[in-house]
Each structure stands twice: as C-alpha cells, then as structure tokens.
Amino acid sequence: MAWKMKDKYNINELCYSTLSSDNPNSYETYVSQGGYETWKKILRELPDKKEIINSVIESGLRGRGGAGFSTGRKWSFINQDSDAIKYLVCNADESEPGTCKDRDILRYNPHALIEGMLIASYAIGAETAYCYLRGEFIDDVYTSFKNALKDAYQNKLLGKNIFNTDICIELHDLIGAGAYIVGEETAMLESIEGKKGFPRYKPPFPAVKGLFGSPTIINNVETLASIPKIIGKGPDWFSSFGTKDSAGFKCFSVSGHVNNPGNFEIPLGTPFKTLLELAGGMKDGKKLKAVIPGGSSVPVVPGEVMLETDMDYESIAKSGSLLGSGAVIIMDEDTNMVEVIHRIARFYYSESCGQCTPCREGTGWMFKVIDKILKGKGTLDDLKTLESIPKMISGSTICALGDAAAMPVESFITHYKNEFLEYIKLPTEKLPNDKDFAEPINNEFILSRK
Amino acid sequence: MQENTKYNIPSEISSKISKWLAKFPIDQKKPAIIYALHLIQHESKYIRSEHVNAVADFLGLKKIDVYEVASFYSMFETEQVGKHTISVCTNVSCMLNGSDEILKYLEDKLKMKVGDSSEKYFLKDERECLAACCGAPMMQVNHKYYENLTKEKIDSIIDGLENER
Ligand SMILES: Cc1cc2nc3c(=O)[nH]c(=O)nc-3n(C[C@H](O)[C@H](O)[C@H](O)COP(=O)(O)O)c2cc1C
Ligand code: SF4
Ligand code: FES
Numbered sequence: 000m001a002w003k004m005k006d007k008y009n010i011n012e013l014c015y016s017t018l019s020s021d022n023p024n025s026y027e028t029y030v031s032q033g034g035y036e037t038w039k040k041i042l043r044e045l046p047d048k049k050e051i052i053n054s055v056i057e058s059g060l061r062g063r064g065g066a067g068f069s070t071g072r073k074w075s076f077i078n079q080d081s082d083a084i085k086y087l088v089c090n091a092d093e094s095e096p097g098t099c100k101d102r103d104i105l106r107y108n109p110h111a112l113i114e115g116m117l118i119a120s121y122a123i124g125a126e127t128a129y130c131y132l133r134g135e136f137i138d139d140v141y142t143s144f145k146n147a148l149k150d151a152y153q154n155k156l157l158g159k160n161i162f163n164t165d166i167c168i169e170l171h172d173l174i175g176a177g178a179y180i181v182g183e184e185t186a187m188l189e190s191i192e193g194k195k196g197f198p199r200y201k202p203p204f205p206a207v208k209g210l211f212g213s214p215t216i217i218n219n220v221e222t223l224a225s226i227p228k229i230i231g232k233g234p235d236w237f238s239s240f241g242t243k244d245s246a247g248f249k250c251f252s253v254s255g256h257v258n259n260p261g262n263f264e265i266p267l268g269t270p271f272k273t274l275l276e277l278a279g280g281m282k283d284g285k286k287l288k289a290v291i292p293g294g295s296s297v298p299v300v301p302g303e304v305m306l307e308t309d310m311d312y313e314s315i316a317k318s319g320s321l322l323g324s325g326a327v328i329i330m331d332e333d334t335n336m337v338e339v340i341h342r343i344a345r346f347y348y349s350e351s352c353g354q355c356t357p358c359r360e361g362t363g364w365m366f367k368v369i370d371k372i373l374k375g376k377g378t379l380d381d382l383k384t385l386e387s388i389p390k391m392i393s394g395s396t397i398c399a400l401g402d403a404a405a406m407p408v409e410s411f412i413t414h415y416k417n418e419f420l421e422y423i424k425l426p427t428e429k430l431p432n433d434k435d436f437a438e439p440i441n442n443e444f445i446l447s448r449k
Numbered sequence: 000m001q002e003n004t005k006y007n008i009p010s011e012i013s014s015k016i017s018k019w020l021a022k023f024p025i026d027q028k029k030p031a032i033i034y035a036l037h038l039i040q041h042e043s044k045y046i047r048s049e050h051v052n053a054v055a056d057f058l059g060l061k062k063i064d065v066y067e068v069a070s071f072y073s074m075f076e077t078e079q080v081g082k083h084t085i086s087v088c089t090n091v092s093c094m095l096n097g098s099d100e101i102l103k104y105l106e107d108k109l110k111m112k113v114g115d116s117s118e119k120y121f122l123k124d125e126r127e128c129l130a131a132c133c134g135a136p137m138m139q140v141n142h143k144y145y146e147n148l149t150k151e152k153i154d155s156i157i158d159g160l161e162n163e164r
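Residue numbers (numbering that gives the first Met the number 0), protein chains in the order written: chain W, 0 to 449; chain F, 0 to 164.
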C-alpha cells in the first residue's frame, strides 16, 4: 500500500527513504541511496564549520523534538573560538504520548541518524557524541541502532583521525531506564551524568554549560537524521518543500481512530485532510470529532477546524494548537473527551518530577478534579477550580512539562465544556459513552481567527 | 528493598561496566550506574540493597547515588517480581483503540490485577506510551513489542510463555 501512496504524494523522501527497500536498516541499503557521501565529502574538503551551520540555518530546518527552534541557530550558539570540550547529544527518548516516529528512524534508517550526528558534531566542533535511547527501547530498537553503529565504525566513518584527517569523533550509544521527564533536554543531561532526571534551571543554557559542564547541543533523532540530505542536496532543495516558515519534510505519527495508522513523512504545509487520507481515513466511516495535532502536550483542536488546517507550524498555531512532536491523534464522534483528558492528566501527574510546586501540586489537582468529575461526583465549583489551575502552572516552572500538562486541560474545557457539564449533572450509572453530548463550543471563535 | 547478603558482581558484568565507563570522561563514574543496574537486574530480576552496595563499591560512589538512580527510573524493580514482565500501554492512542479492554482481558486471563506479580508473571503498573502508538493497542513482554493486540493474539502470546521450558 505504502508504495502506491508514494506515487501520489511526496512521502518518505528523507528520514524514511530506506523504507521502500527490503532491508531498510542495513549499511548497504543506506550506501546504495547515496548514504555517507555527504560525510565523506566533508572529510575530503574540510569546509569551514560556519559554512555548514549557515546551510542549516538557510534550510529553515526546525527542531523536530517539539519546540521547533531553528536547528542552525541553535548550533551557532556554540562558541567556536573556545577550545572547551564540546558535546553533541541525540535525544532518542521518544516518550511523548502519540509519538512513534523516532523509533522507526532508529529501526529502519539508523545510518541517516549516525551520518547526521557526525555532520552535526563536525559543525559544532564536538569530538564526542551520545545517542540516548529511552530504556524501553532496550530490545530490538537499541539493537538495530547498535548494529548500525558497529557497521559505521567498521567502515571507519568515525573514530580517531577519520579518513586520515585530523577529525576525531566518537559516537556512543546510551540507554535510559524509563522516565518521560528525561526527554526534557537538561533532564537528559542529568541522566547521562548518572543522576535522577531532574531538569536544570536555565540559564545557563546547554550550549554554554551542558553535559559535564561543557558546551552541549541536544537535538532530536528526526532533526539529526534530516541533516545529511540537507547538506548533501543543499538548503534550497530542502526549503523548496514546505512553506516559508515551515521548510522541508516532517514525520507525522497518525494514531487513534483511523484505518491505516502509521508514520508518514510529508512536506510541511500538506493539508490535514491529505494526511488523514494517507492514514486510510476515519475508522468505520465515523465522523471526525477532534484531533490532538502534536502529541498529548498540545491543545486539542475540534475536527471541523482541523479539516481546514494545514500541517505546518503557523497553520496549526492559528488553529489554536502546536505542531509539537508531530503526533497526530485522531478521535471520532464517539470519543468521550472527559475520559481522554482524564488519561492525559493522569500521565502528567505521574510524570512530574516534583521539583516545582506549581507543577507537582497542579498536575495532582487537575488529575484529581477530573477524576472526581468523571466519577460523577464533580460540582460546578470543581469545574471552575479545574479551569483556574492551568493558569497557575503556566510560566512558573523550571521546565515545559508544567505547560505541557496545563495546555491540554485548558483546551479540553474550552472546546468540550458541555461534556464536563454532562458529568456534573448526570448520575454515575448513566455514564460514560453517552453519544448525545452537545456540540463542542467556541468553534466559531477558532475559525474566525484563521 | 530487602536486606542483606553480600553480592559480588560477576566478572562478565564487571568487565562490561568497565567497558561502558570508557564512553565518558575518565573522572566520571556515575554515568555507568544505569547500565550496571540494567545488567544486574537482567541477571537477578530485581535490584536488592546488596546490588546497590556492590555497584557503589565497584564504581567508588556513595550508596545513595546508586540508590537514587535505582528508585527514580521506572524500569528498575526493587521488589521481587515474576519471570516475565508485561506492560500494557493505556495512554491516549492505545486507549482510543481499546487498551482498557485488552488490559482487563489480560488481568482476567492471568487472574491478577495490574501491579500484581506471581512467580511467572509481573503485570507492571506502568502503562505509559511506549512509542508504538500506530500499532495500538500494544504491550511489551520483557521489552519485546507486541502490537495491534487482539484477545486472540494475547492468548497465543501467553500460551507461548506457558509452553516454554
Ligand atoms: C517534558 C518534556 C519531554 C520531552 N520529551 C522529548 C522527547 O521524548 N524527545 C525529544 O526529542 N524531545 C523531547 N523534549 C524536547 C527537548 O527538551 C528538546 O527541546 C529537544 O530534544 C531539542 O531537539 P530539537 O531542537 O532537535 O527538537 C521534551 C521536552 C519536555 C519539556
Ligand atoms: S515543571 Fe514539573 S517536571 Fe518540570 S522541573 Fe518542574 S516539577 Fe519537574
Ligand atoms: S499511546 Fe500506547 S504506545 Fe503510544
């Protein structure tokens, strides 16, 4: 099925380019597609580091881990004049609910990630790079990455004095042990240092003082795996796809109530409708009710708004949400929105590291109040309390988990308040899954902002 | 965590830990804690205080440094658990595809509640997203992925575990 789609749409051109082959993760497959040519060219020509960084800036590549910050600009924060040791860290902790795109890069195109990490290390002047995989990947995903790394070493593409140049880069695989918060970049640094994963205060930013106190750049798997072709084919090639502020391709994990859930790498700016079509359309011919377009940390968007939205950073922002990690969770007309936000709130409550009072307490309150409402014991005052908590968390915490917990709650109440009200009125036995819940509110408002 | 006999880190494990340390600056020993605990847990099924002490001694660290790691990360078990660890994801994408029902089916089949452990099975109460959302509902058994679960699939997976020698 996938190849047929490929003719029709521009899909899987970059990070998933090896998927069309029988042996996607092998060294041979990657090389047969021109893999490692960019790295070899760099080793031959030894271009100025700034040249590479400028190409990445020009390409318009934005971080694919969630925040969407310009990758080239992030790299440019490294002080190249200092002779301090520098590190590159690849964030392969993928644990944002709904997101499973990096796992497929690690399993099916690990060499693109390795080549990307080598180019990035060269550009920032790092001689040591770490790829930190979430602990639960310890079986097949980790093995796939480790085998690829072994092949790359065997082919002498990294290590000491690579291809008889002065360039030395060691790339190490690391494995975590289960903790969502370690996906936050400074918590990851703590974890690599062998401590519990508590996010650090910023500033100092990692580019100034990161791993083991040294300047460090942290990038997502997809971000780094995009680098070889951006440098190889040129920034103009990349920015010829996508939109002005959302250049290139993005991997979307489409899950939930669709016929053909999966990862699809498409040009940014592709209409949501097309993505939904790629994912086989709505399951059982049901109507689309709502979409979480960027992982469970972003606001929910009503279906009818989403159907008019394109999959790029600005369009999704205009629709009241964020592109985030690119995890697109599809919910049909029968979905009970109070149950969904209950599950999301439970997640953030259990994953908050507890360092900041607003996050620790706030995530707990939100979960408990939603739980009470879901059990049919909630009052209008509870709903008011619930509405007020996100505002108390947002902007007053060390890391973005606080906001990630607050935004969804706020948006579920905004769009689906009536469903909360139903719970507050009805006796418990009649619940849940009442299909006659009222239409989501506030859609006109959202649509009018477009 | 239970007290307390002395544990000697077997030489295969200690040599692996030493190799792992080579990934880090020479004065850094803590970065090997997570890996060391993985190796020991793999061998001993769960982390006991003598393991923590042995890792601390081996790396020249304080026991609290190792204990902190053992207790923070969800993959480390500090209580006795059964042979096969099963984690069913019930986060949003899986929930939308019937994971609650799958979990219930598994609970009934194994005659245990989530969080419980028998000698053979440990139905872990860690039900968060395992990055296989497009294969929902899903679970891991001993960190192996099983996706697009149905009741029949669960039957055959559990039968497989039952029939193993
Ligand atoms: C709570 C939390 C969890 C995160 N989890 C991940 C993750 O699993 N993977 C990831 O790449 N980035 C994650 N991030 C974002 C990282 O902090 C960081 O911004 C990212 O790795 C930078 O890479 P990029 O610029 O290439 O996107 C998370 C952030 C927060 C606040
Ligand atoms: S915002 Fe939450 S998760 Fe982040 S550091 Fe504070 S308590 Fe920890
Ligand atoms: S939501 Fe279940 S694996 Fe991601």
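Virtual Cβ for every residue (Gly too), placed ideally from N, Cα, C.
- By a beta-carbon distance limit of 8 angstroms, residue 312 of chain W does not contact residue 373 of chain W. Their separation comes to about 33 angstroms.
- Leaving aside the five residues that flank residue 140 of chain W on each side, the residues in its chain whose CB is nearer than 8 angstroms to its CB run, in chain order, 102, 105, 106, 132.
- Exclusion of the five residues before and after residue 90 of chain W leaves 64, 131, 182, 184, 187, 217, 218, 219, 220 as the residues of its chain whose Cβ lies within less than 8 angstroms of its Cβ.
- When rounded, the separation of the alpha-carbon atoms in residue 226 of chain W and residue 20 of chain W is 21 angstroms.
- The segment 74-107 of chain W is shown to contain whole alpha helix (DSSP H) runs of 4 or more residues at 100-107, in chain order.
- Rounded to whole angstroms, residue 346 of chain W and residue 115 of chain F show a C-alpha spacing of 20 angstroms.
- Taking the C-beta atoms as reference points, residue 169 of chain W is found no nearer than 9 angstroms to residue 119 of chain W.
- With at least 16 other beta carbons inside 10 angstroms of its own, residue 139 of chain F counts as buried.
- Short note on residue 137 of chain F: C-beta closer than 8 angstroms to some heavy atom of ligand 3.
- DSSP places residue 414 of chain W in the uninterrupted alpha helix (DSSP H) bounded by 400-424.
- Of the candidates W:82, W:56, W:337, W:56 places its Cα closest to the Cα of residue 73 of chain W.
- The continuous alpha helix (DSSP H) containing residue 54 of chain F extends over residues 48-58.
- Using a cutoff of 8 angstroms, the CB of residue 139 of chain W does not count as near ligand 1, since none of the ligand's heavy atoms is closer than that.
- Looking only at F:8, F:55, F:60, the smallest Cα-Cα distance to residue 39 of chain F is reached by F:8.
- Take the alpha-carbon of residue 402 of chain W and the one of residue 391 of chain W: they are about 10 angstroms apart.
- Separation of the CB atoms of residue 306 of chain W and residue 251 of chain W is rounded to 16 angstroms, and the pair is thereby denied contact status at 8 angstroms.
- In the three-state reduction of the DSSP assignment, residue 250 of chain W falls in the strand class, which pools E and B.
- Around residue 36 of chain F, the same chain offers 46, 54, 68, 69, 75 as residues with beta carbons nearer than 7 angstroms, after the five sequence neighbours per side are excluded.
- For residue 83 of chain F, the three-state secondary structure derived from DSSP is strand.
- About 39 angstroms separates the CB atoms of residue 171 of chain W and residue 299 of chain W; that is not less than 8 angstroms, and the two are not in contact.
- Taken through DSSP and simplified to helix, strand or coil, residue 391 of chain W comes out as helix.
- Contact annotation: in the segment 244-262 of chain W, residues whose CB is within less than 8 angstroms of a CB in chain F are 252, 253, 254, 255, 256, 260, 261, 262.
- Secondary-structure assignment with DSSP links residue 128 of chain W through a beta bridge to W:87, W:170.
- When the five nearest sequence neighbours on each side are left out, the beta carbons in the same chain lying within less than 7 angstroms of the beta carbon of residue 148 of chain W are those of 113, 170, 172, in order along the chain.
- Judged by their CB atoms, residue 249 of chain W and residue 266 of chain W are nearer to each other than the 9 angstroms cut-off.
- The DSSP-derived three-state label of residue 165 of chain W is coil.
- Contacts between residue 98 of chain W and chain F, judged by CB atoms closer than 8 angstroms, involve 128, 130, 132 in chain order.
- In the three-state reduction of the DSSP assignment, residue 122 of chain F falls in the strand class.
- The three-state reading of DSSP puts residue 357 of chain W in helix, counting H, G and I together.
- The beta-bridge partner set that DSSP reports for residue 186 of chain W is empty.
- Any Cβ of chain F closer than 9 angstroms to the Cβ of residue 68 of chain W would place that residue at the interface, and such an atom is absent.
- Within chain W, the C-beta atoms nearer than 8 angstroms to that of residue 68 of chain F come from 176, 193, 194, 195, in chain order.
- Look at residue 143 of chain F: its C-beta is under 9 angstroms from a C-beta on chain W.
- Straight-line spacing of the CA atoms in residue 233 of chain W and residue 100 of chain F works out to 50 angstroms.
- Residue 36 of chain F: member of the alpha helix (DSSP H) spanning 32-43, first to last residue.
- If you check the C-beta of residue 359 of chain W against ligand 1, you find no heavy atom less than 8 angstroms away.
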